[in-house]
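Visitor:
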Amino acid sequence: MRKFVSILFFLGLTTRSLFSLGVGMEPVIIDIGGITPGTSYNLEADAGILINLLGDKASVLGYELEISSPKSVFKGFLPLPDPEWIKLPRDTITVMPQDTGKLNMVISIPDSEGYYNQAWMFKVTAKAYPGGFGKETALKGTGMGIRLAVSSYYIIETAPKPEPELPPDGVIAVAPSKLYTTCKLGGEVEKEITIFNNDTIPREFTLVSFVPPPADTLSYNFRIEPSEPRNFYPEDASWVVPKKRRFLLIFKKPPKITLAPGESVSYPVKIHLPDDKELLSNNWEVLLFLVPKGEARLRRFVRVIITPEE
(Lines of atoms letter the chains of each structure in order from A; the text may use other names.)
(Lines give C-alpha, C1' and ligand atoms only; values in the text may rest on other atoms or scores of the structure.)
Protein backbone atom coordinates (compact mmCIF):
# COMPACT_ATOMS: atom_id res chain seq x y z
CA MET A 134 0.00 0.00 0.00
CA ARG A 135 1.49 3.32 -1.08
CA LYS A 136 1.70 6.18 1.41
CA PHE A 137 0.63 9.68 0.48
CA VAL A 138 1.35 12.86 2.39
CA SER A 139 -0.30 16.20 1.83
CA ILE A 140 0.48 19.38 3.74
CA LEU A 141 -2.56 21.47 4.66
CA PHE A 142 -2.16 24.97 6.07
CA PHE A 143 -4.44 27.31 7.97
CA LEU A 144 -3.94 30.77 9.47
CA GLY A 145 -1.08 31.45 7.07
CA LEU A 146 1.90 29.20 6.56
CA THR A 147 2.91 28.72 10.18
CA THR A 148 1.50 28.81 13.67
CA ARG A 149 2.89 31.86 15.42
CA SER A 150 2.36 33.37 18.81
CA LEU A 151 0.21 36.49 18.94
CA PHE A 152 2.79 38.06 21.26
CA SER A 153 5.83 40.01 20.12
CA LEU A 154 8.19 37.06 20.58
CA GLY A 155 8.57 35.25 17.24
CA VAL A 156 7.44 31.77 18.27
CA GLY A 157 6.38 29.50 15.42
CA MET A 158 6.16 25.93 14.12
CA GLU A 159 5.47 24.36 10.74
CA PRO A 160 3.85 22.49 9.11
CA VAL A 161 0.56 23.38 10.77
CA ILE A 162 -1.53 20.41 9.65
CA ILE A 163 -0.20 17.31 7.94
CA ASP A 164 -2.21 14.37 6.62
CA ILE A 165 -0.45 11.00 6.34
CA GLY A 166 -2.36 8.22 4.62
CA GLY A 167 -1.82 4.53 3.97
CA ILE A 168 0.33 3.57 6.98
CA THR A 169 0.35 -0.21 7.38
CA PRO A 170 0.19 -1.44 10.99
CA GLY A 171 3.45 -3.12 11.98
CA THR A 172 5.56 -0.66 9.98
CA SER A 173 7.17 2.68 10.77
CA TYR A 174 6.71 5.95 8.92
CA ASN A 175 9.75 8.24 8.95
CA LEU A 176 8.64 11.78 8.19
CA GLU A 177 11.99 12.86 6.75
CA ALA A 178 12.89 9.67 4.85
CA ASP A 179 9.39 8.90 3.53
CA ALA A 180 8.11 12.41 2.86
CA GLY A 181 11.12 14.75 2.92
CA ILE A 182 9.50 16.77 5.72
CA LEU A 183 10.88 17.96 9.05
CA ILE A 184 9.27 19.78 11.95
CA ASN A 185 10.52 23.37 11.77
CA LEU A 186 10.71 25.41 14.96
CA LEU A 187 11.15 29.05 14.08
CA GLY A 188 13.65 31.30 15.79
CA ASP A 189 13.01 34.83 16.96
CA LYS A 190 14.66 37.76 15.19
CA ALA A 191 16.74 38.75 18.20
CA SER A 192 16.26 36.27 21.07
CA VAL A 193 17.43 32.73 21.78
CA LEU A 194 14.45 30.39 22.20
CA GLY A 195 14.20 27.02 23.88
CA TYR A 196 11.39 24.74 22.70
CA GLU A 197 9.97 21.89 24.77
CA LEU A 198 7.83 19.48 22.73
CA GLU A 199 4.94 17.34 23.86
CA ILE A 200 2.82 14.83 21.91
CA SER A 201 -0.79 14.33 22.96
CA SER A 202 -4.08 12.82 21.77
CA PRO A 203 -6.67 15.50 22.51
CA LYS A 204 -10.33 15.25 21.63
CA SER A 205 -10.53 15.36 17.86
CA VAL A 206 -11.06 18.76 16.27
CA PHE A 207 -11.54 17.31 12.77
CA LYS A 208 -14.69 15.49 11.71
CA GLY A 209 -14.16 11.78 11.21
CA PHE A 210 -10.80 11.57 12.98
CA LEU A 211 -10.53 10.07 16.47
CA PRO A 212 -7.73 10.65 19.00
CA LEU A 213 -4.66 8.49 18.45
CA PRO A 214 -4.95 5.60 20.95
CA ASP A 215 -1.38 5.93 22.27
CA PRO A 216 0.93 9.00 21.92
CA GLU A 217 3.88 6.67 22.64
CA TRP A 218 3.58 5.49 19.01
CA ILE A 219 5.08 8.86 18.02
CA LYS A 220 8.80 9.38 18.57
CA LEU A 221 10.95 12.50 18.32
CA PRO A 222 14.76 12.35 18.55
CA ARG A 223 14.58 14.72 21.54
CA ASP A 224 11.93 16.68 23.40
CA THR A 225 13.87 19.96 23.79
CA ILE A 226 15.78 22.09 21.32
CA THR A 227 17.45 25.50 21.45
CA VAL A 228 17.05 27.79 18.43
CA MET A 229 19.37 30.73 17.87
CA PRO A 230 18.11 34.10 16.59
CA GLN A 231 17.05 34.09 12.93
CA ASP A 232 17.63 30.34 12.77
CA THR A 233 15.29 27.35 12.47
CA GLY A 234 15.40 24.22 14.61
CA LYS A 235 14.63 21.00 12.74
CA LEU A 236 13.39 17.69 14.13
CA ASN A 237 12.36 14.42 12.52
CA MET A 238 9.41 12.28 13.59
CA VAL A 239 8.82 8.53 13.39
CA ILE A 240 5.33 7.05 13.58
CA SER A 241 5.12 3.35 14.48
CA ILE A 242 1.67 1.76 14.50
CA PRO A 243 1.69 -1.66 16.25
CA ASP A 244 1.01 -4.77 14.20
CA SER A 245 -2.63 -5.39 15.06
CA GLU A 246 -5.55 -6.41 12.86
CA GLY A 247 -7.69 -3.83 14.63
CA TYR A 248 -5.47 -0.93 13.56
CA TYR A 249 -6.33 -1.20 9.86
CA ASN A 250 -9.15 1.03 8.52
CA GLN A 251 -8.42 3.82 11.00
CA ALA A 252 -8.46 7.63 10.90
CA TRP A 253 -6.67 9.19 13.89
CA MET A 254 -5.20 12.50 14.93
CA PHE A 255 -2.64 13.74 17.42
CA LYS A 256 -1.12 17.08 18.37
CA VAL A 257 2.47 18.29 18.75
CA THR A 258 2.73 21.24 21.13
CA ALA A 259 5.90 23.34 21.35
CA LYS A 260 6.32 25.48 24.46
CA ALA A 261 8.83 28.27 24.02
CA TYR A 262 11.17 29.53 26.73
CA PRO A 263 13.06 32.81 26.19
CA GLY A 264 16.80 32.28 26.65
CA GLY A 265 16.89 28.68 25.47
CA PHE A 266 18.09 25.59 27.32
CA GLY A 267 21.42 24.82 28.88
CA LYS A 268 22.16 21.15 29.43
CA GLU A 269 19.02 19.74 27.86
CA THR A 270 16.57 20.79 30.55
CA ALA A 271 17.90 23.79 32.51
CA LEU A 272 16.26 27.06 31.51
CA LYS A 273 18.88 29.72 30.85
CA GLY A 274 19.09 33.02 32.46
CA THR A 275 16.28 35.44 31.62
CA GLY A 276 14.26 34.84 34.77
CA MET A 277 11.10 35.39 32.70
CA GLY A 278 8.20 33.15 33.62
CA ILE A 279 6.81 33.30 30.09
CA ARG A 280 5.75 30.15 28.25
CA LEU A 281 4.32 30.73 24.82
CA ALA A 282 3.01 27.68 22.97
CA VAL A 283 2.11 26.74 19.41
CA SER A 284 0.64 23.49 18.11
CA SER A 285 0.59 21.42 14.93
CA TYR A 286 -1.96 18.73 14.13
CA TYR A 287 -1.23 15.41 12.45
CA ILE A 288 -3.90 13.14 11.03
CA ILE A 289 -3.22 9.51 10.16
CA GLU A 290 -5.16 7.11 7.97
CA THR A 291 -4.02 3.50 8.15
CA ALA A 292 -4.16 1.04 5.28
CA PRO A 293 -7.64 -0.25 4.38
CA LYS A 294 -8.60 -3.90 4.76
CA PRO A 295 -11.94 -4.91 3.16
CA GLU A 296 -12.53 -8.07 5.21
CA PRO A 297 -10.65 -7.88 8.51
CA GLU A 298 -10.56 -11.03 10.61
CA LEU A 299 -11.30 -8.95 13.71
CA PRO A 300 -13.40 -5.78 14.04
CA PRO A 301 -11.41 -2.58 13.52
CA ASP A 302 -10.47 -0.74 16.70
CA GLY A 303 -12.81 1.88 18.12
CA VAL A 304 -16.33 2.15 19.51
CA ILE A 305 -17.64 2.63 15.98
CA ALA A 306 -15.79 1.19 12.99
CA VAL A 307 -16.07 0.72 9.23
CA ALA A 308 -14.32 -1.52 6.69
CA PRO A 309 -12.82 -0.88 4.30
CA SER A 310 -11.80 2.70 5.06
CA LYS A 311 -11.06 3.09 1.33
CA LEU A 312 -13.42 1.41 -1.12
CA TYR A 313 -11.97 1.07 -4.63
CA THR A 314 -14.24 0.45 -7.60
CA THR A 315 -14.43 0.89 -11.36
CA CYS A 316 -17.55 2.19 -13.04
CA LYS A 317 -18.48 2.69 -16.70
CA LEU A 318 -19.45 6.16 -17.84
CA GLY A 319 -23.22 6.43 -17.53
CA GLY A 320 -23.27 3.15 -15.63
CA GLU A 321 -23.85 1.98 -12.07
CA VAL A 322 -22.25 -0.53 -9.70
CA GLU A 323 -23.13 -1.70 -6.22
CA LYS A 324 -20.60 -2.32 -3.46
CA GLU A 325 -20.77 -3.00 0.27
CA ILE A 326 -19.17 -1.59 3.37
CA THR A 327 -19.23 -3.23 6.80
CA ILE A 328 -20.30 -1.25 9.85
CA PHE A 329 -19.31 -2.36 13.35
CA ASN A 330 -20.88 -1.40 16.66
CA ASN A 331 -18.13 -2.27 19.14
CA ASP A 332 -19.91 -0.41 21.92
CA THR A 333 -21.71 -1.93 24.93
CA ILE A 334 -24.98 -0.21 24.02
CA PRO A 335 -27.20 -0.29 20.89
CA ARG A 336 -26.37 2.36 18.31
CA GLU A 337 -28.36 4.00 15.53
CA PHE A 338 -26.47 5.42 12.54
CA THR A 339 -27.15 7.55 9.50
CA LEU A 340 -25.08 7.18 6.35
CA VAL A 341 -24.43 10.29 4.26
CA SER A 342 -22.32 10.91 1.14
CA PHE A 343 -20.32 14.13 1.20
CA VAL A 344 -17.93 16.18 -0.91
CA PRO A 345 -16.13 19.06 0.84
CA PRO A 346 -16.89 22.24 -1.11
CA PRO A 347 -13.86 24.30 -2.19
CA ALA A 348 -14.30 26.82 0.61
CA ASP A 349 -15.31 24.32 3.27
CA THR A 350 -14.22 25.07 6.82
CA LEU A 351 -14.89 21.93 8.81
CA SER A 352 -12.73 23.20 11.65
CA TYR A 353 -9.65 25.44 11.82
CA ASN A 354 -10.13 26.09 8.07
CA PHE A 355 -9.32 22.41 7.55
CA ARG A 356 -10.55 20.47 4.56
CA ILE A 357 -10.16 16.72 4.11
CA GLU A 358 -8.16 16.38 0.92
CA PRO A 359 -8.38 13.56 -1.66
CA SER A 360 -6.18 10.67 -0.55
CA GLU A 361 -4.06 10.17 -3.70
CA PRO A 362 -2.48 12.56 -6.23
CA ARG A 363 -4.74 11.61 -9.17
CA ASN A 364 -7.94 11.68 -7.13
CA PHE A 365 -10.35 14.60 -7.30
CA TYR A 366 -13.64 15.45 -5.63
CA PRO A 367 -16.61 15.76 -8.01
CA GLU A 368 -19.05 18.62 -7.62
CA ASP A 369 -21.87 16.18 -6.88
CA ALA A 370 -21.77 13.83 -3.88
CA SER A 371 -24.75 11.90 -5.27
CA TRP A 372 -22.37 9.80 -7.38
CA VAL A 373 -22.23 7.63 -4.24
CA VAL A 374 -25.58 6.84 -2.64
CA PRO A 375 -26.25 4.56 0.35
CA LYS A 376 -29.27 2.42 -0.44
CA LYS A 377 -32.36 3.98 1.09
CA ARG A 378 -35.39 2.35 2.71
CA ARG A 379 -38.76 2.56 1.01
CA PHE A 380 -41.62 4.01 3.04
CA LEU A 381 -45.15 3.11 1.94
CA LEU A 382 -43.54 2.08 -1.39
CA ILE A 383 -43.38 5.74 -2.40
CA PHE A 384 -40.90 7.82 -0.45
CA LYS A 385 -37.32 6.93 0.35
CA LYS A 386 -36.11 7.89 3.78
CA PRO A 387 -32.43 8.53 4.62
CA PRO A 388 -30.74 5.26 5.52
CA LYS A 389 -30.66 4.52 9.23
CA ILE A 390 -28.95 1.47 10.63
CA THR A 391 -29.51 0.13 14.14
CA LEU A 392 -26.98 -2.30 15.59
CA ALA A 393 -26.97 -4.17 18.89
CA PRO A 394 -23.79 -4.19 21.03
CA GLY A 395 -21.05 -6.13 19.24
CA GLU A 396 -23.12 -6.45 16.05
CA SER A 397 -21.94 -5.70 12.51
CA VAL A 398 -23.72 -5.43 9.17
CA SER A 399 -22.80 -5.22 5.50
CA TYR A 400 -24.53 -2.25 3.91
CA PRO A 401 -24.98 -1.71 0.15
CA VAL A 402 -23.77 1.44 -1.60
CA LYS A 403 -24.73 2.43 -5.16
CA ILE A 404 -22.11 4.16 -7.31
CA HIS A 405 -22.88 5.74 -10.66
CA LEU A 406 -21.13 8.11 -13.07
CA PRO A 407 -22.41 10.63 -15.61
CA ASP A 408 -21.81 9.81 -19.26
CA ASP A 409 -18.99 12.32 -19.70
CA LYS A 410 -15.67 11.35 -21.32
CA GLU A 411 -13.89 14.21 -19.56
CA LEU A 412 -14.14 12.14 -16.37
CA LEU A 413 -11.73 9.52 -17.78
CA SER A 414 -8.61 11.57 -17.05
CA ASN A 415 -8.90 11.26 -13.26
CA ASN A 416 -10.03 9.07 -10.41
CA TRP A 417 -12.91 10.45 -8.35
CA GLU A 418 -13.39 10.36 -4.61
CA VAL A 419 -16.53 10.79 -2.49
CA LEU A 420 -16.62 10.61 1.31
CA LEU A 421 -19.24 8.41 2.96
CA PHE A 422 -19.84 9.48 6.57
CA LEU A 423 -21.24 7.15 9.21
CA VAL A 424 -22.75 9.29 11.98
CA PRO A 425 -23.92 7.72 15.27
CA LYS A 426 -27.10 9.31 16.66
CA GLY A 427 -26.24 11.76 19.44
CA GLU A 428 -22.48 11.08 19.15
CA ALA A 429 -21.23 13.05 16.16
CA ARG A 430 -17.71 13.06 17.65
CA LEU A 431 -17.55 9.28 16.97
CA ARG A 432 -18.35 9.62 13.27
CA ARG A 433 -16.24 7.61 10.82
CA PHE A 434 -15.84 7.87 7.08
CA VAL A 435 -15.10 5.74 4.05
CA ARG A 436 -13.31 7.11 1.01
CA VAL A 437 -15.06 5.78 -2.09
CA ILE A 438 -12.56 5.92 -4.96
CA ILE A 439 -13.97 5.52 -8.47
CA THR A 440 -11.94 4.77 -11.59
CA PRO A 441 -14.08 5.58 -14.66
CA GLU A 442 -14.15 3.30 -17.72
CA GLU A 443 -15.61 3.72 -21.21
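134 is the number of the first residue of the sequence shown in my numbering; add one for each residue after it.
All C-beta atoms, glycine included, are put in the ideal place defined by N, C-alpha and C.
Who pairs with V374 in a beta bridge, going by DSSP?
Guide: By 1-based counting over the sequence shown, the position of residue 374 is 241. According to DSSP, V374 bridges with K403.
Visitor: Report all residues from its chain with a CB closer than 8 Å to the CB of E443; omit the five preceding and five following residues, and keep chain order.
Guide: For the purposes of this step, residue 443 is taken as the residue at position 310 of the sequence shown. Same-chain partners within the cutoff: K317, L318, K410, L413.
Visitor: I'd like to know if the segment 284-303 and the segment 245-260 are in contact, where contact means that at least 3 CB-CB pairs between them fall below 8 Å.
Guide: Contact between the segment 284-303 and the segment 245-260 is present, because at least three Cβ pairs lie under 8 Å.
Visitor: Between the Cα of L221 and those of I242, P203, E199, L340, spot the shortest distance and give me the residue it belongs to.
Guide: By 1-based counting over the sequence shown, the position of residue 221 is 88. Cα-wise, what sits closest to L221 is E199.
Visitor: Does the distance from the C-beta atom of S173 to that of S241 stay below 7 Å?
Guide: As a working note, residue 173 is residue 40 in the sequence shown. As a working note, residue 241 is residue 108 in the sequence shown. Yes, the Cβ-Cβ distance between S173 and S241 is below 7 Å.
Visitor: Starting from A282, trace the alpha helix (DSSP H) in both directions and tell me its first and last residue.
Guide: Translated into positions along the sequence shown, residue 282 becomes position 149. Unbroken run through A282 is the beta strand (DSSP E), 281-291; no alpha helix (DSSP H).
Visitor: Shortest alpha-carbon distance to Y366 belongs to which of P388, K376, S342?
Guide: Start at 1 with the first residue of the sequence shown, and residue 366 comes out as number 233. Nearest option by C-alpha distance: S342.
Visitor: Do you know offhand how far M229's Cα is from P203's?
Guide: Position 96 of the sequence shown, counted from the first residue, corresponds to residue 229. Position 70 of the sequence shown, counted from the first residue, corresponds to residue 203. Answer to the nearest angstrom: the Cα atoms are 31 Å apart.
Visitor: Please state whether DSSP places L194 in a helix, a strand or coil.
Guide: Counting from one through the sequence shown, the residue named residue 194 turns up at place 61. Three-state DSSP puts L194 in a strand.
Visitor: Provide the residue(s) that pair with I334 in DSSP beta bridges, ordered along the chain.
Guide: Position 201 of the sequence shown, counting from 1, holds the residue named residue 334. I334 pairs with nothing; no bridge assigned.
Visitor: Tell me whether P441 sits in a helix, a strand or coil according to DSSP, three-state version.
Guide: By one-based count along the sequence shown, residue 441 stands at place 308. Three-state DSSP puts P441 in a strand.
Visitor: Considering only their Cβ atoms, is the gap separating V304 from I404 smaller than 7 Å?
Guide: Position 271 of the sequence shown, counted from the first residue, corresponds to residue 404. Position 171 of the sequence shown, counted from the first residue, corresponds to residue 304. Cβ atoms of I404 and V304: not closer than 7 Å.
Visitor: Measure the Cβ-Cβ separation of A261 and L194 and say whether it is below 7 Å.
Guide: Counting from 1 along the sequence shown, the entry for residue 261 is found at position 128. Counting from 1 along the sequence shown, the entry for residue 194 is found at position 61. Closer than 7 Å, so yes.
Visitor: Who are K389's beta bridge partners in DSSP?
Guide: On the sequence shown, position 256 is the one that residue 389 refers to. Paired residue(s): T339.
Visitor: R433: which of D189, D215, L340 sits nearest, CA to CA?
Guide: Position 300 of the sequence shown holds residue 433. Nearest option by C-alpha distance: L340.
Visitor: Could you give the C-beta distance for A292 and A259, rounded to a whole number, given that I count them as a contact under 8 Å?
Guide: As a first step, residue 292 is located in the sequence shown; it is residue number 159 there, counting from the start. As a first step, residue 259 is located in the sequence shown; it is residue number 126 there, counting from the start. Not really, about 30 Å apart at Cβ, beyond 8 Å.
Visitor: Locate the alpha helix (DSSP H) running through D244, then write down its first and last residues.
Guide: As a working note, residue 244 is residue 111 in the sequence shown. Segment: none, D244 is in no alpha helix (DSSP H) and carries neither H nor E.
Visitor: When you compare each of I226, N237, G247, Y248 to L264 by their alpha carbons, which one comes out closest?
Guide: To locate residue 264, count along the sequence shown from 1; it is residue 131. The sequence shown places Gly at residue 264, rather than the Leu named in the question. The candidate whose alpha carbon is nearest that of G264 is I226.
Visitor: So who's on the other strand from K235, going by DSSP bridges?
Guide: Translated into positions along the sequence shown, residue 235 becomes position 102. According to DSSP, which records beta bridges pairwise, K235 is partnered with N185.
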